[in-house]
Each structure stands twice: as structure tokens, then as C-alpha cells.
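A.B. asks: Residue 205 in numbering that gives the first Met the number 0 sits at position 206 of the sequence shown, with consecutive numbering throughout.
I'd like to ask you about the structure that follows.
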Amino acid sequence: MSPAGQLIVPGVSAVRAPFNVWRIREDFPILRQTVHGKPLVYLDNAATTQKPNVVIDSLRRFYCDTCANIHRGVHELSERSTCLYEDARTSVQQFINAGDVREIIFVRGATEGINLVAQSYGRKHVGAGDEVLITAMEHHSNIVPWQILCEEKGAHLRVAPINDRGELILDEFERLLTPRTRIAAVTHVSNALGTVNPVKEMVRMAHARGIPVLVDGAQAVPHQRVDVRDLDCDFYAFSGHKVYAPSGIGALYGKLRVLDAMPPYQGGGDMIRSVSFEKTTYNDLPYKFEAGTPNISGTIALGAALSYVTEIGLDLVAAHEQELLEAATEAVSGIPGVRIIGTAAHKAAVLSFVIEGVHPHDVGTILDRQGVAIRAGHHCAQPVMERFGLAATSRASFAMYNTREEVDALAAGVRKVKEIFG
Ligand SMILES: Cc1ncc(COP(=O)(O)O)c(C=O)c1O
Numbered sequence: 000m001s002p003a004g005q006l007i008v009p010g011v012s013a014v015r016a017p018f019n020v021w022r023i024r025e026d027f028p029i030l031r032q033t034v035h036g037k038p039l040v041y042l043d044n045a046a047t048t049q050k051p052n053v054v055i056d057s058l059r060r061f062y063c064d065t066c067a068n069i070h071r072g073v074h075e076l077s078e079r080s081t082c083l084y085e086d087a088r089t090s091v092q093q094f095i096n097a098g099d100v101r102e103i104i105f106v107r108g109a110t111e112g113i114n115l116v117a118q119s120y121g122r123k124h125v126g127a128g129d130e131v132l133i134t135a136m137e138h139h140s141n142i143v144p145w146q147i148l149c150e151e152k153g154a155h156l157r158v159a160p161i162n163d164r165g166e167l168i169l170d171e172f173e174r175l176l177t178p179r180t181r182i183a184a185v186t187h188v189s190n191a192l193g194t195v196n197p198v199k200e201m202v203r204m205a206h207a208r209g210i211p212v213l214v215d216g217a218q219a220v221p222h223q224r225v226d227v228r229d230l231d232c233d234f235y236a237f238s239g240h241k242v243y244a245p246s247g248i249g250a251l252y253g254k255l256r257v258l259d260a261m262p263p264y265q266g267g268g269d270m271i272r273s274v275s276f277e278k279t280t281y282n283d284l285p286y287k288f289e290a291g292t293p294n295i296s297g298t299i300a301l302g303a304a305l306s307y308v309t310e311i312g313l314d315l316v317a318a319h320e321q322e323l324l325e326a327a328t329e330a331v332s333g334i335p336g337v338r339i340i341g342t343a344a345h346k347a348a349v350l351s352f353v354i355e356g357v358h359p360h361d362v363g364t365i366l367d368r369q370g371v372a373i374r375a376g377h378h379c380a381q382p383v384m385e386r387f388g389l390a391a392t393s394r395a396s397f398a399m400y401n402t403r404e405e406v407d408a409l410a411a412g413v414r415k416v417k418e419i420f421g
């Protein structure tokens, strides 16, 4: 740690530099390539982000210098590996301002974090006739785990509706918090629409009725400062790969007393205190929820990624991405026949759109020929598509390394699509 309490990554200056997108781009080797003879314009960041050198180097360093299993090791490499792994837990704790390092559970990603809560907290607390409340803008990862639970328990999945701009209808959300609601599970930022939900207010509404809240933070953590203590949510899940870390690692935050009272999720090594054929006793938090050998290198690299983002400054990242979003919205919506899907007052880094008479897959393919990588499809949010009467959209999504020139390339690509389709 620096004297100012900032996290430090080798090779990253401790003094925060002014935001310089060109300097940041130098940290991402993949961005230097051409695709179909054009410079790569990577606008598929909501699916996954590219990785900076500090993350790539962290993986390499682990396998070159440190590779050993963690916990219980008596040899030097295992001790080092354990220290680095647990340091990453502290990095996550600081990144989301959790009060206690034991509140951070390493998981494969947001999906596993949500499944953990549904299967552990949910199976204990949700019974026949009870209700689980979600919103109409959830990713499948925050729908299906609750459906599985409700089906098993004879409970009901309730869905708070959204308006035509893709904003949650807050009064309806509040109305659906009933004496039978056992948990509310809501996305912080919609991956299909970009809508930023007022999660602090939603948590307040739910808590006023004694209902815990899980926040799916997969699309929020890369784009804005998240403070779980300020939000006061009971659970917060996110994926490393969407915030410049490798895939296969993410974190679940849970309030200590809530996690403590929950049964284990998976059984195996590391999550036990003692095992006999008659009885097994479980380990303390957070290890109770970390069965088996984890993604050690990925966890350490997640720590490096969060330090890197912290070093650049999420407030500066957010401001830059808002500029890109506004410029892209203006440029793309000005093209005749283009309709933006998701026009909420508060949005983050996602521009979903449809072009009249053109299938989104064709849009994606033509843009790809221009070197512009976007996503076309239902974005694992089929109920959102249904709400807007669509099968799919084209989605451009931004990260800190994207530039105004890349927004221009996107708009030029969309105009090209229009030309081709007359
Ligand atoms: C809002 C949201 N929630 C959950 C997920 C699932 O994340 P993962 O596949 O990394 O577990 C995603 C991925 O796109 C997402 O956008």
C-alpha cells in the first residue's frame, strides 16, 4: 500500500495521472491489432473486457515464480501463493468498500455468486407460497437460479416491470415487496439496456419490510464506484472478466451475519474444519463457501486488475465513458432508421440499437468487416427483448480504453450497413 492508502501494482505509478486514453491503450496489447485489415475497434466490453499488461504479467509471474496450492502448505511457494491470494481478497474488499475481508467469497463470476445465494440462502429461507422479487431487466443469470429455487420450493417469481425507456417502475417494485417476499434480486446496471437502477433506494424500500437484497453488479463494477456499505445491500455479485481481470474469477460480497447463518453451498476441501463419516464441521468465513482448489492465478490477477482500475480512478473512467456514450448515442440515433433501445435517464456504457429492416446479426457482421466488434443477439436477456417486441438488438458497449475516434468508426459502420441495405 502507498502512504495514501492506495493499492499499488508493480509497474503502475502511485501518483494518479490525468486521464489519458492513449496512455491507457498502451497497457492493452490486444488493441494494437488489425481485423480484416482495419484497426480493431473493440466495443463488446459488456460481454468481456480486454486485459492490461499488469493482469497478463500477474498470470505469468504466478506460473513462473509462485505456482503452488494455497492454505495449509508448509513450504515457501505455498505460503507465498496463499499470501497473494488473500491479498487479492483485501483488494476486492477495498474496491467495493466492504467492512470485513471475511465478507468476500471468491466465485467463478456473477453467475456462480447468484447461484450460491439462491441455493444456500434461498433454500433455507424460501418456502411454498413465498415470493422472490426480480426486475424485468435481469440477465438470465439473475432469473434462472431463482426459477430453479422457486420450482423446487413451490414459491413464486415476481417481476417488477420497466417502462418504455427501460427504467424500472419504482412504485411497482415497492408494491411487489409483500409479506411473502423472502428476497429481492436486482441488477445494478442492465447489460441489455444500460439502465442504472436506483439500487440504494430499492434496498431501503426492501429493508423497510425486512427483505434482504442481492445486487447483480456485473455491469456496474467496471463503470462506477461501488460502495456496498453505502448501498447497504445484503449481497453483491460481480465477475472479474468484465473489469479487466481474467475469466473464471469473480466475487460475492455478503454481510457477515447473513453469510454466517447460511449453510454451505458446495462441499469439498477447504470448506471444512473436520470431517468424519459421522459428522463434518464447517470452516469459518469466507472459506466455508470456497470448496475445492480455487482459481488461484485468476484471483491474484483480479487483485491486480482492481488495483489498476483504482490507480486510474473510477470517477475519471466513469466520466470518460459517459462522454463516449453520449457521443455514440447522438451519432447513431441521428442515422435515419436507427432506434435506440434503452433511453433511461441514467445509463452506463451500453448502446443497444436496431436498424429498421436489418437483422442485428447482419449489422454485427458488416461492422466486423470494418474492424468494429459489437454484439448482436438477445444478450442473455430474452425477457428484455420480449418487453420491447424484439428478438435481438445490436449492442455497442464501452470501456475506459475506447476513444471518440472509435465512436466515429461505429457510426461510420452503421451508415455503411444502411448503404448496403439501401
Ligand atoms: C448484468 C449481468 N449479470 C450477470 C452476468 C453473468 O456474468 P458471468 O457470465 O460472468 O457470470 C452478466 C454477463 O453478461 C451480466 O451482464
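Think of the CB as a built atom: it goes at the ideal place given N, C-alpha and C, for glycine as much as any other residue.
Owing to the predicted nature of the structure, the values given are computational and were not obtained by experimental measurement.
1. Quick check: does the Cβ of residue 259 come within less than 7 Å of any heavy atom belonging to ligand 1?
2. Taking contact to mean at least 3 C-beta pairs separated by less than 8 Å, is the stretch 228-239 in contact with the stretch 323-340?
3. For residue 387, which three-state DSSP category applies?
4. Mind checking whether the beta-carbon of residue 304 lies closer than 7 Å to any heavy atom of ligand 1?
5. Could you tell me the boundaries of the alpha helix (DSSP H) in which residue 306 lies?
6. Identify whether residue 155 lies in helix, strand or coil by the three-state DSSP scheme.
7. Tell me whether residue 249 counts as near ligand 1, meaning its Cβ is closer than 7 Å to at least one heavy atom of that ligand.
8. Measuring CB to CB, does residue 69 end up less than 8 Å from residue 288?
9. If distances are taken between C-alpha atoms only, which option among 151, 100, 256 and 44 comes closest to residue 122?
10. Spatial neighbours of residue 304 within its chain, please: CB distance less than 7 Å, with the 5 preceding and 5 following residues excluded, ordered by chain position.
11. To the nearest angstrom, report how far apart residue 376 and residue 366 are at their CA atoms.
12. Check the C-beta distance from residue 275 over to residue 349 and give it rounded, since I have them as a contact under 8 Å.
13. What three-state label does DSSP hand residue 111 in the structure shown?
14. For residue 195, which residues does DSSP report across the bridge?
15. Measure the C-alpha to C-alpha separation of residue 363 and residue 372 and round it to an integer number of angstroms.
16. How many Å lie between residue 215 and residue 198 at the Cα?
17. Does residue 211 pass the burial test, meaning 16 or more other C-beta atoms within 10 Å, or should it be called exposed?
18. Who pairs with residue 280 in a beta bridge, going by DSSP?
19. Note the first and the last residue of the continuous beta strand (DSSP E) segment covering residue 130.
20. Can you tell me which of the three DSSP states residue 121 falls into?
21. Looking at residue 218 and ligand 1, is the gap between the Cβ and the nearest heavy atom below 7 Å?
22. So the alpha helix (DSSP H) residue 27 belongs to, where does it begin and stop?
23. Can you list, in chain order, the stretches of the alpha helix (DSSP H) that have 4 or more residues and sit fully within the stretch 318-391?
24. Roughly how many angstroms separate the alpha carbons of residue 405 and residue 369, rounded to a whole number?
25. Comparing C-alpha positions only, which one of 119, 91 and 73 sits nearest to residue 299?
26. For residue 76, I'd like the list of residues in its chain whose CB is within less than 8 Å of its CB, leaving aside the five on either flank, ordered along the chain.
27. When the Cα of residue 418 is compared with those of 357, 389, 398 and 387, which residue comes out closest?
28. Suppose contacts are defined by Cβ-Cβ distances below 8 Å. Is residue 270 in contact with residue 120 by that definition?
29. Kindly give me the distance between the Cβ atoms of residue 182 and residue 213, rounded to whole angstroms, as I take these residues to be in contact under 8 Å.
30. Can you look up residue 225 in the DSSP assignment and give me helix, strand or coil?
C.D. replies: In terms of the structure at hand:
1. No; taking the cut-off as 7 Å, the Cβ of residue 259 has no heavy atom of ligand 1 nearer than that.
2. Counting Cβ pairs under 8 Å, fewer than three are found: no touch.
3. Residue 387: coil per DSSP, three-state reduction.
4. Incorrect: residue 304 has no Cβ contact closer than 7 Å to ligand 1.
5. Following the DSSP letters along the chain, one finds residue 306 inside the alpha helix (DSSP H) bounded by residues 295-311.
6. For residue 155, the secondary structure class from DSSP, reduced to helix, strand or coil, is strand.
7. In this structure, the C-beta of residue 249 approaches ligand 1 to less than 7 Å from one of its heavy atoms.
8. Not in contact: residue 69 and residue 288 (Cβ atoms no closer than 8 Å).
9. Among 151, 100, 256 and 44, the Cα nearest to that of residue 122 is on 151.
10. Exclusion of the five residues before and after residue 304 leaves 54, 239, 242, 243 and 244 as the residues of its chain whose Cβ lies within less than 7 Å of its Cβ.
11. The straight-line gap from Cα to Cα measures roughly 14 Å.
12. Between residue 349 and residue 275 the Cβ distance is about 51 Å, and since that is not below 8 Å, they are no contact.
13. Helix, per DSSP.
14. Looking at the DSSP output, residue 195 shares a beta bridge with 188.
15. Distance between the alpha carbons of residue 363 and residue 372 is about 7 Å.
16. So the alpha carbons of these two residues sit roughly 10 Å apart.
17. Classification for residue 211: buried.
18. When DSSP reads this structure, residue 280 sits in a beta bridge with 273.
19. Segment 130-134, the beta strand (DSSP E) holding residue 130.
20. When secondary structure is reduced to three states using DSSP, residue 121 falls in the helix class.
21. A heavy atom of ligand 1 is found nearer than 7 Å to the CB of residue 218.
22. For residue 27, no alpha helix (DSSP H) run applies, since DSSP gives it neither H nor E.
23. Runs of the alpha helix (DSSP H) spanning 4 or more residues and lying entirely within the stretch 318-391 occur at 359-368 and 381-386, in chain order.
24. The straight-line gap from Cα to Cα measures roughly 11 Å.
25. For residue 299, the closest of 119, 91 and 73 by C-alpha to C-alpha distance is 91.
26. Excluding its 5 nearest sequence neighbours in each direction, residue 76 has C-beta neighbours in its own chain below 8 Å: 65, 66 and 67, listed in chain order.
27. The residue with the shortest Cα to Cα distance from residue 418 is 357.
28. Result no, Cβ atoms of residue 270 and residue 120 do not sit closer than 8 Å.
29. Indeed they touch by this definition, with Cβ atoms about 6 Å apart.
30. Residue 225 falls in the coil class under three-state DSSP.
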